[in-house]
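The next block holds one structure in the form of structure tokens; read it before the comments.
Residue numbers (my numbering): 79 to 632.
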């Protein structure tokens, strides 16, 4: 008897990605080649490493509309599942006359939503705390779509390639002899990277949430490996390792597929042409592998792929800045981002808008003595204390992660100038919000010029981290000391000893550091902006919920 042909199934997704006034893209992973249909738009899958993907481009939507959608594979409905208990997935297009809401955060480690993982690190060594994204998803279920945020902005460490969950660690341990040179507890290649995304995005509530909230993503170091591109010596040492090429190529390939492709608008996708090449090839592994090899080979030297991108939602201009892959790290030059890409960032920030949001995975303005400490360490690494100091400074850099914007002084001064220029132009936006992550605690600062110049924009930085990866007590104590008056005075003394100039800007805390798992929400209406910060907790029934700890008019 002939075997009945298998029918394609949905492996991951749908993820609602780019949404504008009239367009949307929906991303899926399937278990076999097929045609994917969402609303009236269809496409065919492409294959990479035995996995099958599609990005469906939907056009002709009405502005400020809400349109339920389903996913069909070869004309068979696979989403929503027949037994779904969630509201319908919808595409909610933007419009110029309504408020805009941005939900944002960073650093989300994957683990089961049960004990001991929902405990804090102080309660159990495997504790990560309650997942703030899952808590927000529970809230969305009970809210009408009209009240949902317009986008979910994820600012780095969407997956942890070197801090694995118990299930991922067990799979890595069973991988056999192919990657014996890879460090323990680190994924080795593209296939193992796919495990991380499946684990992070497959849970029911998170999966539905990602099907209704357009997501905007940029990587940080743990999406690749801790301290990724922290210095020229780190790059040289790491590229000499036998396991690195498979690891970084797998990281770049998976990042483009799972995160970056959906960041792009339909016109950008067509202009770039890489998706079309993959679909045309059918099996696009060699195409994407070659692209990843070239991208890694040309960075951190200028000329590599530009991962920075922008998105417009109503009156809000969002500029997402790559602070990892585009670095310039040579013996005599150290920049967070190359000149050509920085020029692109400046141009996007200078476009007319009512509100400007600049998102960078790494904080620009750090509290207490952290700024001065990072300024001092870069100068020591550059030779301010001679050759022995270089060695010591590099040890400090890697040990305590002095790699935020203050540790790239040229780039920090450029960022200062960008804010000064944008906030004093004749068409200055009402607000400029700099979003950051990475640091595993949240805070907000108001930014002003030191020299008495008046900004025409209200400028703030808001750091929202982590979504789920709470620091333990020793790390919290170290961070609190660095932010204390004593820590600040010590760090500023060291900074003066190496001749670093004070910043042209000043920043004062609007929200003191908070170490809980949380998400931030920015809401824009006319010239007004409001920030709400909410931590994730459990209710009396053991379900995730959000608890507000700060609200602030910007």
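Glycine included, C-beta positions come from ideal geometry on N, C-alpha and C.
| query | result |
| --- | --- |
| Extent of the continuous beta strand (DSSP E) to which residue 538 belongs | 536-541 |
| Those runs of the beta strand (DSSP E) which lie wholly inside the region 567-625 and span at least 3 residues | 583-592, 596-603, 606-616 |
| DSSP beta-bridge partners of residue 182 | 231, 598 |
| Beta-bridge pairing of residue 145 - partner residues as DSSP gives them | 169 |
| Whole alpha helix (DSSP H) elements within the region 307-390, 4-residue minimum | 310-317, 322-333, 344-350, 352-359, 363-376 |
| Which of helix, strand or coil DSSP assigns to residue 100 | coil |
| Host beta strand (DSSP E) of residue 120 (start-end) | 119-122 |
| Residue 531 classed as buried or exposed, judged by whether at least 16 other C-beta atoms fall within 10 angstroms | exposed |
| Rounded C-alpha distance that separates residue 599 from residue 579 | 34 Å |
| Neighbourhood of residue 168 by C-beta, 7 Å cutoff - its chain only, sequence neighbours within 5 removed | 144, 145, 146, 147, 223, 290 |
| Sequence-distant residues of its chain with Cβ nearer than 7 Å to residue 213 (five each side left out) | 614, 622, 623, 624 |
| Alpha helix (DSSP H) segment containing residue 523, residue limits | No alpha helix (DSSP H) contains residue 523, which is instead part of the beta strand (DSSP E) from 520-527. |
| Enclosing alpha helix (DSSP H) for residue 212 [first to last residue] | 210-219 |
| Residue burial classification, residue 258 (beta-carbon count within 10 angstroms, cutoff 16) | exposed |
| Cross-strand partners of residue 105 (DSSP beta bridge) | 93, 133 |
| Residue range of the alpha helix (DSSP H) that includes residue 432 | That residue, residue 432, is in no alpha helix (DSSP H); it is neither H nor E in DSSP. |
| Local Cβ density within 10 Å of residue 159, reported as buried at 16 or more and exposed below that | exposed |
| Status (buried if at least 16 other CB within 10 Å, exposed otherwise) for residue 616 | exposed |
| Which of helix, strand or coil DSSP assigns to residue 396 | strand |
| Extent of the continuous alpha helix (DSSP H) run through residue 557 | 551-561 |
| Beta-carbon contacts of residue 400 that lie in its chain and below 6 Å, excluding the five residues immediately before and after | 385, 386 |
| Rounded C-alpha distance that separates residue 627 from residue 141 | 34 Å |
| Whole-angstrom distance between residue 331 and residue 79, CA atom to CA atom | Note on residue 79: pLDDT 47, under 50, position unreliable in the model; the coordinate value appears next. Each residue's alpha carbon lies about 41 Å from the other. |
| Alpha-carbon spacing of residue 255 relative to residue 266, whole angstroms | 12 Å |
| Residue 208 vs residue 492 beta-carbon contact at 8 Å | no |
| Per-residue DSSP class, three states only, for residue 287 | helix |
| Beta-carbon proximity check, residue 533 vs residue 527, cutoff 8 Å | yes |
| CA nearest to the CA of residue 445, picked from 511, 507, 226, 525 | 525 |
| Beta-carbon gap between residue 541 and residue 577 smaller than 8 Å | no |
| Rounded C-alpha distance that separates residue 352 from residue 176 | 35 Å |
| Beta-bridge pairing of residue 295 - partner residues as DSSP gives them | 232 |
| Any 3 or more C-beta pairs closer than 8 Å across the region 416-430 and the region 273-286 | no |
| Sequence-distant residues of its chain with Cβ nearer than 6 Å to residue 196 (five each side left out) | 208 |
| Exposure of residue 571, with buried meaning 16 or more beta-carbon neighbours within 10 Å | exposed |
| Rounded C-alpha distance that separates residue 635 from residue 302 | Past the edges of the chain, shown from 79 to 632, lies residue 635, and the structure says nothing about it. |
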